[in-house]
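Input: a single structure, listed below in structure tokens.
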Amino acid sequence: MSIVSSLSSGSVGQNVVVTQPASVVPGQTVSIRCKTSSSVSSYLSWYFQKPGEVPNLLIYSATTRQSGVSSRFSGSGSGSDFTLTISGVQAEDSGVYYCQQGNSFPFTQ
72 MSIVSSLSSG
82 SVGQNVVVTQ
92 PASVVPGQTV
102 SIRCKTSSSV
112 SSYLSWYFQK
122 PGEVPNLLIY
132 SATTRQSGVS
142 SRFSGSGSGS
152 DFTLTISGVQ
162 AEDSGVYYCQ
172 QGNSFPFTQ
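As structure tokens, this is what we get:
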């Protein structure tokens, strides 16, 4: 149901690995993990993108939900290990999820 990509910006040599469930069933709680090769403190953002649209900021500073974003989305973690959790996932949540080092906005690729 969801496709996840990884993105690293603002740090030379920083590698980001994103993992997601093999399959997603509507209504379940989904956790997407982002692991960086070195500590980024709490400077980690999560974005969501649907085909043909610009990326939408969901979470910044690892845990802070952007205004207007559903409370079904939450972020956790610090250092080099972060998680985006989607509670009660819905069909409309299908798309590409990015984690990005830093709190830059708009999205940079």
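If you read the sequence shown in the working numbering, its first letter stands for residue 72, the second for the next number, and so on.
The beta-carbon is built from N, C-alpha and C at its ideal position, and this holds for glycine as well.
- If you draw a straight line from the Cα of residue 109 to the Cα of residue 150, it comes to about 8 Å.
- With respect to residue 169, residue 99 sits apart: the two C-beta atoms are not nearer than 9 Å.
- Between residue 145 and residue 156 a beta carbon distance of about 5 Å is seen, short of the 8 Å cut, so the two are scored as contacting.
- Beta-carbon to beta-carbon, residue 101 and residue 160 are separated by about 5 Å, close enough to satisfy the 8 Å threshold.
- By the 16-neighbour rule on beta-carbons within 10 angstroms, residue 152 is exposed.
- For a cut-off of 8 Å, the C-beta gap from residue 166 to residue 114 is around 23 Å, too long to register as a contact.
- DSSP places residue 100 in no beta strand (DSSP E); its state is neither H nor E.
- In the DSSP assignment, residue 114 forms no beta bridge with any residue.
- The Cβ neighbour count for residue 94, taken over all protein chains shown within 10 Å, is under 16; the residue is labelled exposed.
- The straight-line gap separating the alpha-carbon atoms of residue 96 and residue 116 is approximately 25 Å.
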